[in-house]
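Residue 118 in my numbering sits at position 92 of the sequence shown, with consecutive numbering throughout.
Backbone N, C-alpha and C define an ideal beta-carbon position, used for all residues, glycine too.
All of these numbers come straight from a predicted model, not from anything done at the bench.
First up is the structure itself, then whatever we jot down about it.
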Amino acid sequence: MKALINKHPIYVTLGIIIISAVAIISVLQSTYSYLSTKHRIENEMRESVERSIISLNKNIATYLSSYAVNEYQKLVTNELERRNSFAIVVEDYNMGTIMGVKAYVSGKIRDDQWRPTDFNPNSTQQNRKLEQAYYSFRQSIVSPGGEELGAITIYISDHELRMELREIVVGNLVNTISISLLLIISLFVSIRLRLLKPIAEIAEVISHADKEGIPHENVPCAGPQEITTLSKTMNRMIDTIRNSRSELITKQTELEEEKERFKLAIDGANDGLWDWNLKTNEVYHSPRFETMLGYQVGELPNSIECWSELLHPEDTEQAHRRVKEYLGTKGEGRYENTFRMRTKSGDWRWITGRGKALFDETGTAVRFVGFNTDITKLIMQQKELRHQRDTLQFQASHDALTDLANRTLFTYQLEQGIDKAVRDNSKLALLFIDLDHFKEINDSLGHRTGDEVLKTVTLRLKQTVRAKDAIARLGGDEFTILIEDLKQDQDASRLAEKIQHKLSNPIIVDNHELYITISIGISIYPDNGKTSKDLLKNADAAMYKAKSEGRNNFQYYSAEMTAQAFERVQMETRLRMAIENDEFVVFYQPQFNGVSNRLVGMEALVRWQDPSLGLIFPSQFIPIAESTGLIVEIDRLVMKKAVAQFSEWYRKGLQPGTLSLNLSMRQLQRKDLVEFLLASLEGADCSPEWLEMEITEGHVMENPEEAIKVLSKIDSIGIKLALDDFGTGYSSLSYLKRLPITKLKIDRSFIKDLPNDTEDKAISKAVIALAKSLDLEILAEGVETIDQIEFLVENGCEVFQGFFYSKPIPVSEMEAYLEKKTWIDAEPSFV
Numbered sequence: 027m028k029a030l031i032n033k034h035p036i037y038v039t040l041g042i043i044i045i046s047a048v049a050i051i052s053v054l055q056s057t058y059s060y061l062s063t064k065h066r067i068e069n070e071m072r073e074s075v076e077r078s079i080i081s082l083n084k085n086i087a088t089y090l091s092s093y094a095v096n097e098y099q100k101l102v103t104n105e106l107e108r109r110n111s112f113a114i115v116v117e118d119y120n121m122g123t124i125m126g127v128k129a130y131v132s133g134k135i136r137d138d139q140w141r142p143t144d145f146n147p148n149s150t151q152q153n154r155k156l157e158q159a160y161y162s163f164r165q166s167i168v169s170p171g172g173e174e175l176g177a178i179t180i181y182i183s184d185h186e187l188r189m190e191l192r193e194i195v196v197g198n199l200v201n202t203i204s205i206s207l208l209l210i211i212s213l214f215v216s217i218r219l220r221l222l223k224p225i226a227e228i229a230e231v232i233s234h235a236d237k238e239g240i241p242h243e244n245v246p247c248a249g250p251q252e253i254t255t256l257s258k259t260m261n262r263m264i265d266t267i268r269n270s271r272s273e274l275i276t277k278q279t280e281l282e283e284e285k286e287r288f289k290l291a292i293d294g295a296n297d298g299l300w301d302w303n304l305k306t307n308e309v310y311h312s313p314r315f316e317t318m319l320g321y322q323v324g325e326l327p328n329s330i331e332c333w334s335e336l337l338h339p340e341d342t343e344q345a346h347r348r349v350k351e352y353l354g355t356k357g358e359g360r361y362e363n364t365f366r367m368r369t370k371s372g373d374w375r376w377i378t379g380r381g382k383a384l385f386d387e388t389g390t391a392v393r394f395v396g397f398n399t400d401i402t403k404l405i406m407q408q409k410e411l412r413h414q415r416d417t418l419q420f421q422a423s424h425d426a427l428t429d430l431a432n433r434t435l436f437t438y439q440l441e442q443g444i445d446k447a448v449r450d451n452s453k454l455a456l457l458f459i460d461l462d463h464f465k466e467i468n469d470s471l472g473h474r475t476g477d478e479v480l481k482t483v484t485l486r487l488k489q490t491v492r493a494k495d496a497i498a499r500l501g502g503d504e505f506t507i508l509i510e511d512l513k514q515d516q517d518a519s520r521l522a523e524k525i526q527h528k529l530s531n532p533i534i535v536d537n538h539e540l541y542i543t544i545s546i547g548i549s550i551y552p553d554n555g556k557t558s559k560d561l562l563k564n565a566d567a568a569m570y571k572a573k574s575e576g577r578n579n580f581q582y583y584s585a586e587m588t589a590q591a592f593e594r595v596q597m598e599t600r601l602r603m604a605i606e607n608d609e610f611v612v613f614y615q616p617q618f619n620g621v622s623n624r625l626v627g628m629e630a631l632v633r634w635q636d637p638s639l640g641l642i643f644p645s646q647f648i649p650i651a652e653s654t655g656l657i658v659e660i661d662r663l664v665m666k667k668a669v670a671q672f673s674e675w676y677r678k679g680l681q682p683g684t685l686s687l688n689l690s691m692r693q694l695q696r697k698d699l700v701e702f703l704l705a706s707l708e709g710a711d712c713s714p715e716w717l718e719m720e721i722t723e724g725h726v727m728e729n730p731e732e733a734i735k736v737l738s739k740i741d742s743i744g745i746k747l748a749l750d751d752f753g754t755g756y757s758s759l760s761y762l763k764r765l766p767i768t769k770l771k772i773d774r775s776f777i778k779d780l781p782n783d784t785e786d787k788a789i790s791k792a793v794i795a796l797a798k799s800l801d802l803e804i805l806a807e808g809v810e811t812i813d814q815i816e817f818l819v820e821n822g823c824e825v826f827q828g829f830f831y832s833k834p835i836p837v838s839e840m841e842a843y844l845e846k847k848t849w850i851d852a853e854p855s856f857v
């Protein structure tokens, strides 16, 4: 219906509605009339049946009793025609008894033309009609004496009912059509005049509208009240739309002006606009955003991933975190962050991003809009300002000529060093340095030359001290050095010696060869003062004491320290002279096989034959030689002498076995070590297999990788290698396996208490077992008793070195033994 109404003009629509309404009313009225008539006819039929029963019952009982079949058949025929019944059937029990059946059945029934005819109980067609009868009523017939004579049944058909109801339906249909036509005509006329004409006039006005669909004129207010009200409402709407359009045009004009101002502001501010749609994850970039980074307009993808990829790796995490933190505030405040972004050319620009986010009613961010400002120039300016500030600060705290700390900065460094020493319970030393006769250089050669000398002194001081030591120029030719974490007081004198040695080399300025000496004063915290003022004062006093002692020396503030330091300086000086004067001699300590009591080799040991002090043992001069680096020269001197002597013994046929030479760490660090060994062998015509180099476990572990490389080179030329003092260091088995050694020497500290000390026994057994498992020779040092030898032999060690056999002896004694083949000591010797 709805579709039908929507697709047709109003006339057709109204006609459909009217006809439908009339039809519904007529149907309802006809239904009511039909049901009422049907109910009435049914009642009349029942009443007719009851009257027929009553009428027949009065007369038919007599006929049944007298077997008067014809008589009651006439009675039935008359009643059928008089009452217009469909059929009347009589059951005669008396006649049935005669005929041998329960009842004799007879009666009248109407045929298809509604004519009465005899009822045949055996007729299937008639029985079916009786079954289809609309209504039936059966009444038993009883004699006056109470005997049941039979029964009579009257059947009523719906023939008359259908005829009468058909007439009612046809009459109602005619009435419906007539009424509908009259209503339609009346309504059409009324609608046309009262409804459609005003509506048509309204439609005509509306059809004449502008391009936005707004009528040029107001619609007419004529017709029924409803049409008039509609017209007035439409006119108000039209007026409102016109006013809204006018306001919209005004707003649009203002918006265009705002947009133009906004664009000019953006272009003037040189900022790049970005607009992130968090629902679609798309990002709009303004043209300036892209050109700011060196891209063409539209070249950058509109995705948040593009922004992430352009971020500097060091800024990516904090940039993402800052966005997340801002969005987590649900819009409180505003977003602002500074980061670096990569340009198309690969450069980095400093960018400050600012923005605000929009959130929906659930608090979820849906849009994030903001600007990117290129602040690279500002950052560069800030860096320049910081550089200028740092330069000014540097100039305020440093010497302009040498760039060293000035007095102010050094005093601060000294105070910080004192605080640290207090916390760590440690010591520090202050060296106060003054150039001797520097004024004469300025006076004779000019201040420019003097300045160059000061620069050279500064450079040499930097090359001498540790990186963490503080150096300052207090003014003129005065320098100070701060040594923190001082282990021994004598370490300060060692540095003073290094500085003196470093500055002893000539300084060349404008073809002038200048020799500079210095006087150094040393003060120690906390012994010589607990404040920066006291330490500076006392170091200065010690420096003047050095000048008073003839210059070109150093003095401790304490006289005792000065004496000790002087003694050490004297020792170093005497060692240098001893090297020049060839005062070092070689002693040899034999090595024996304890089972065969046969000499298998010897170890070369250095002694210092001082002309005035006599024979000096290594423990008195080796530490100083090692700290000053003189150990290399001494080692090489001993090596040359021992190799030459050993080669001579072989040429004489004395068969001295294997010569063991000690290799110091400083020697091991020399790049020309292998070349020196080859030259020594060649110069003495000595075979490399006669030699064995000993290096201590502790020296190897100072730099195991480098040691392995150097020792491998020595091994490659045929010289055997032994690990000395094994067990006293911290070597690992992994390095031990990689070392190209052939022998382990058990340190004397594990031998001296054998066989009584349980721990020494266990350690000795373990070292012997380890050597055997690695297929290495084993030698025990410091053997002094027969019990020690028996214990070691019993556990697998057969080669010994120690006072049980001999102390270290000079060349003459060793050669005498080799010639006689008889050992000179009957009993162990102890020195």
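Residues near residue i in its chain [Cβ-Cβ closer than 6 Å; skip 5 each side]
| i | result |
| --- | --- |
| Lys894 | Outside the shown range of the chain, which is 27 to 857, sits residue 894, and nothing can be said about it. |
| Ala842 | none |
| Asn554 | Asn564 and Tyr583 |
| Leu818 | Ala806 |
| Thr399 | Asp297 and Thr378 |
Test item: CB-CB of residue i and residue j under 8 Å
| i | j | result |
| --- | --- | --- |
| Ile865 | Ile182 | Residue 865 falls outside the range modelled here, since the chain spans only 27 to 857, and no answer is possible. |
| Ile660 | Phe702 | no |
| Asp462 | Thr543 | yes |
| Leu175 | Ala87 | yes |
| Thr484 | Thr428 | yes |
| Thr722 | Ser558 | no |
| Ile815 | Gly620 | yes |
| Asn303 | Arg393 | yes |
| Ile210 | Asn83 | no |
Residue i (DSSP reduced to helix, strand or coil)
| i | result |
| --- | --- |
| His527 | helix |
| Tyr438 | helix |
| Tyr60 | helix |
| Ala842 | helix |
| Gly476 | helix |
| Gly627 | strand |
| Thr123 | helix |
| His725 | helix |
| Leu427 | coil |
| Phe420 | helix |
| Ser855 | For Ser855, the pLDDT reaches just 36, beneath the cut-off of 50, and the residue's location in the model is therefore unreliable, although a value from the coordinates is still provided. Coil at Ser855, not helix or strand. |
| Ala129 | coil |
| Trp140 | coil |
7 Å CB neighbourhood of residue i in its chain, flanking five on each side removed
| i | result |
| --- | --- |
| Glu845 | Leu680 |
| Met587 | Low local confidence applies: a pLDDT of 49 at Met587 is under 50, so the model's placement there is unreliable, with the coordinate-based value given in what follows. These residues qualify, in order along the chain: Asp515. |
| Asp341 | Phe365 and Arg366 |
| Leu601 | Phe647, Ile650, Ala651 and Leu656 |
Residues bridged to residue i [DSSP beta-bridge criterion]
| i | result |
| --- | --- |
| Asp301 | Tyr310 and Val395 |
| Tyr161 | Ile182 |
| Ala748 | Glu720 and Lys769 |
| Tyr321 | Looking at the DSSP assignment, Tyr321 forms no beta bridge with any residue, so it has no partner. |
| Asp636 | Gly640 |
| Gly547 | Phe458 and Gln581 |
| Leu508 | Leu456 and Ala496 |
| Ile533 | Leu540 |
| Thr684 | Gly627 |
8 Å CB neighbourhood of residue i in its chain, flanking five on each side removed
| i | result |
| --- | --- |
| Val793 | Phe752, Gly753, Leu770, Ile772, Phe776 and Ile804 |
| Glu107 | Pro142 |
Legend entry - Three or more C-beta pairs below 8 Å linking the region 341 to 361 and the region 317 to 329: Short answer: they don't touch.
Does the contact criterion of 3 or more C-beta pairs under 8 Å hold for the region 65 to 75 versus the region 140 to 153? The answer is no - the region 140 to 153 does not touch the region 65 to 75, with fewer than three Cβ pairs under 8 Å.
**Asked** How about the region 521 to 529 and the region 464 to 471: do they share at least three Cβ pairs that are nearer than 8 Å?
**Response** Between the region 521 to 529 and the region 464 to 471, the count of Cβ pairs shorter than 8 Å is below three; the stretches do not touch.
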